[in-house]
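>
There are 2 protein chains.
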Amino acid sequence: MCDLLRINTDRGVMIADGKSRFSINGKPIYHFVGTSTFSEYTVMHVGCVAKINPQAPLDKVCVLSCGISTGLGASINVAKPPKGSTVAVFGLGAVGLAAAEGARIAGASRIIGVDLNPSRFEEARKFGCTEFVNPKDHNKPVQEVLAEMTNGGVDRSVECTGNINAMIQAFECVHDGWGVAVLVGVPHKDAEFKTHPMNFLNERTLKGTFFGNYKPRTDLPNVVELYMKKELEVEKFITHSVPFAEINKAFDLMAKGEGIRCIIRMEN
Amino acid sequence: MCDLLRINTDRGVMIADGKSRFSINGKPIYHFVGTSTFSEYTVMHVGCVAKINPQAPLDKVCVLSCGISTGLGASINVAKPPKGSTVAVFGLGAVGLAAAEGARIAGASRIIGVDLNPSRFEEARKFGCTEFVNPKDHNKPVQEVLAEMTNGGVDRSVECTGNINAMIQAFECVHDGWGVAVLVGVPHKDAEFKTHPMNFLNERTLKGTFFGNYKPRTDLPNVVELYMKKELEVEKFITHSVPFAEINKAFDLMAKGEGIRCIIRMEN
Numbered sequence: 001m002c003d004l005l006r007i008n009t010d011r012g013v014m015i016a017d018g019k020s021r022f023s024i025n026g027k028p029i030y031h032f033v034g035t036s037t038f039s040e041y042t043v044m045h046v047g048c049v050a051k052i053n054p055q056a057p058l059d060k061v062c063v064l065s066c067g068i069s070t071g072l073g074a075s076i077n078v079a080k081p082p083k084g085s086t087v088a089v090f091g092l093g094a095v096g097l098a099a100a101e102g103a104r105i106a107g108a109s110r111i112i113g114v115d116l117n118p119s120r121f122e123e124a125r126k127f128g129c130t131e132f133v134n135p136k137d138h139n140k141p142v143q144e145v146l147a148e149m150t151n152g153g154v155d156r157s158v159e160c161t162g163n164i165n166a167m168i169q170a171f172e173c174v175h176d177g178w179g180v181a182v183l184v185g186v187p188h189k190d191a192e193f194k195t196h197p198m199n200f201l202n203e204r205t206l207k208g209t210f211f212g213n214y215k216p217r218t219d220l221p222n223v224v225e226l227y228m229k230k231e232l233e234v235e236k237f238i239t240h241s242v243p244f245a246e247i248n249k250a251f252d253l254m255a256k257g258e259g260i261r262c263i264i265r266m267e268n
Numbered sequence: 269m270c271d272l273l274r275i276n277t278d279r280g281v282m283i284a285d286g287k288s289r290f291s292i293n294g295k296p297i298y299h300f301v302g303t304s305t306f307s308e309y310t311v312m313h314v315g316c317v318a319k320i321n322p323q324a325p326l327d328k329v330c331v332l333s334c335g336i337s338t339g340l341g342a343s344i345n346v347a348k349p350p351k352g353s354t355v356a357v358f359g360l361g362a363v364g365l366a367a368a369e370g371a372r373i374a375g376a377s378r379i380i381g382v383d384l385n386p387s388r389f390e391e392a393r394k395f396g397c398t399e400f401v402n403p404k405d406h407n408k409p410v411q412e413v414l415a416e417m418t419n420g421g422v423d424r425s426v427e428c429t430g431n432i433n434a435m436i437q438a439f440e441c442v443h444d445g446w447g448v449a450v451l452v453g454v455p456h457k458d459a460e461f462k463t464h465p466m467n468f469l470n471e472r473t474l475k476g477t478f479f480g481n482y483k484p485r486t487d488l489p490n491v492v493e494l495y496m497k498k499e500l501e502v503e504k505f506i507t508h509s510v511p512f513a514e515i516n517k518a519f520d521l522m523a524k525g526e527g528i529r530c531i532i533r534m535e536n
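Rendered as structure tokens:
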């Protein structure tokens, strides 16, 4: 975690002189989370730039820049499911699908997708999910449903919703003795994680991760190489491709929350 | 974690036939947590017996049977402080002193003892503590005090009080990015662990441990060997030695809570 450059949505300016590099008709336009990429040209701190394979198609690998790498890394780098293990993924949006894909790459044999929206289930099979739980289908807590499906608890869980209840469920559904839960979702600022501490004493581990524990400058080029070597298919993460002029249409599609994931195309 | 034999204070009987093996004047005496060791002879499940070096003095190595191994293992097996790292130990009773000793054995260079009772500090130096914090001496949360002492947070923390607030402090005092907090203390049954989930997203880890992750039958003989090889001094963990007839005096001494740790001597 870089103290200097860590994500600061309020900064809006360059660190060196506290000023913006963008303007329109003399009015300053502020920077956004260090990269300001919804523009044809941008200015950013050298620490925010990673050099990737120049052969890589930018209209594809751009999806690796945030949520997808976060989900992949949450499984591959943090949860580290042993071969043949069982993983529960909470939330089957883009990050959760990437977490499932990461669990598959790591060698998990059962990947249980948990989501309140069953329309996401079928497509999630492409990302390695083998089973599904819709908490609405059960009269008991999803922790208990998962414990019954797995003889006491899953080996790993990855939480990709940001919902505080899902975070608690993701922790409480792992098996005593070796279970590891990984929190990926960004919680509401007033959210409080609550659990009985005996759940820890039973030798469980709870970890959080930021960007899947990838160090962007060092590690992102290697994630791009996974795509170039065809070990990682990024195309399946894209459902729509929208020109920049229709950027608000892309946000509307995503807001529908039915598993729609968009690429914004820059066009001259 | 052994499903069959895991600690069950309510069981009180042998598993095979659900009966007690002890009686006095025909009245049954119940078993206690699987070992019933406050007696000259005992009967226990084979899974509760570990064979140790027959040369080991039982009146010394008996202290390794519960809290001391738990504290040692919490540091050595679970927190695993890197060489030269900083460790905070919450609670300087027997378990906390053992956690400090374990951190020292593992190679930590700063070991910060946190306790509300400053009379425990001087002796804790024998167990590797290099600095102390009494939360009562400060107007701000102990997490902040520790962050100031350590440029942002300790590398590892081990919680040995069972107090829920100390558990939360122990988690919140570790450094973003790599900090690991280990919960050892047994919490009150109604206690609730509460923290802002952003504390996890900043790449911290929270683990609990039971018996320091030692597997008793396999690992306890090796802990005894540490003593036999003089790598671990168990004598310093003993402040009083009390004959069995005065067992209640031993409990009274411990209840004073000033760092008194007793051995109960069996005498024929």
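In the order they appear, the protein sequences are chains A and B. Everything in the first sequence is counted per the working numbering, starting at 1 for the first residue and increasing by one. Everything in the second sequence is counted per the working numbering, starting at 269 for the first residue and increasing by one. All C-beta atoms in this analysis are idealised placements derived from N, C-alpha and C, irrespective of residue type, glycine included. No experiment lies behind these values; they were computed from the predicted model shown.
1) Does A:P82 come within less than 7 angstroms of chain B when only Cβ atoms are used?
2) Tell me whether A:K229 sits in a helix, a strand or coil according to DSSP, three-state version.
3) Can you list the residues of chain A that B:I432 reaches, using a CB-CB cut of under 9 angstroms?
4) Closest by CA to B:G453, which one among B:G335, B:I320 and B:T398?
5) Against chain B, which members of the region 198–228 of chain A pass a CB distance test of less than 8 angstroms?
6) Using a Cβ-Cβ cut-off of 8 angstroms (strictly less than) and excluding sequence neighbours within five positions of A:I164, which residues of its own chain qualify?
7) May I have the straight-line CA-CA distance separating A:L226 from A:R21, to the nearest angstrom?
8) With 16 as the cutoff for other CB atoms within 10 Å, does A:A245 come out buried or exposed?
9) Do you know offhand how far B:N536's Cα is from B:A324's?
10) What would DSSP say about A:A88, mapped onto helix, strand or coil?
11) Counting Cβ pairs closer than 8 angstroms, one from the region 339–351 of chain B and one from the region 423–432 of chain B, do we hit at least three?
12) Helix, strand or coil, according to DSSP, for A:L5 in the structure here?
13) Check each candidate in A:V145, A:A106, A:D137 and A:E101 and name the one with the smallest Cα separation from A:A124.
14) Is the CB-CB distance between A:I247 and A:I264 below 7 angstroms?
15) What in chain A is Cβ-close to B:M435, meaning under 7 angstroms?
16) Could you give the DSSP three-state label for A:F210: helix, strand or coil?
17) Do B:G396 and B:R372 come within 7 angstroms of each other at the CB atom, strictly closer than that value?
18) Nearest to B:L414 by alpha carbon, out of B:A356, B:I297 and B:L488?
19) For A:G113, which residues does DSSP report across the bridge?
20) Cα separation between B:P489 and B:G302?
21) Using the Cα positions of A:N117 and A:L92, report the straight-line distance between them to the nearest angstrom.
22) Could you check the C-alpha separation between A:A218 and A:M228 for me, to the nearest Å?
23) If you follow the alpha helix (DSSP H) that B:I288 is in, where does it begin and where does it stop?
24) According to DSSP, is B:S509 part of a helix, a strand, or is it coil?
25) Evaluate contact between the region 198–210 of chain A and the region 467–487 of chain B, counting only Cβ atoms and requiring at least three cross-stretch pairs below 8 angstroms.
Walking through what the data contain:
1) no
2) coil
3) P197
4) B:G335
5) Under the 8 angstroms Cβ criterion, the region 198–228 of chain A contributes M198, N199, F200, L201, N202, E203, R204, T205, L206, K207, G208, T209, F210 and N213.
6) Result list for A:I164: P187, H188, A191, E192 and F193, in chain order.
7) 34 angstroms
8) exposed
9) At B:N536 the pLDDT is 48, less than 50, meaning the model places this residue with poor confidence; the figure from the coordinates comes in the next sentence. Each residue's alpha carbon lies about 20 angstroms from the other.
10) strand
11) yes
12) coil
13) Checking every option, the nearest Cα to that of A:A124 belongs to A:E101.
14) In contact: A:I247 and A:I264 (Cβ atoms closer than 7 angstroms).
15) P197
16) coil
17) yes
18) Nearest option by C-alpha distance: B:A356.
19) A:V89 and A:F132
20) Near 18 angstroms, if we compare the C-alpha coordinates of B:G302 and B:P489.
21) 9 angstroms
22) Looking at the sequence itself, residue 218 of chain A is Thr, so the reference to Ala does not match. Using only the alpha carbons, I get a separation of about 17 angstroms.
23) According to the sequence provided, residue 288 of chain B is Ser. The question's Ile does not apply to it. According to the DSSP assignment, B:S288 belongs to no alpha helix (DSSP H), since it is labelled neither H nor E.
24) strand
25) yes
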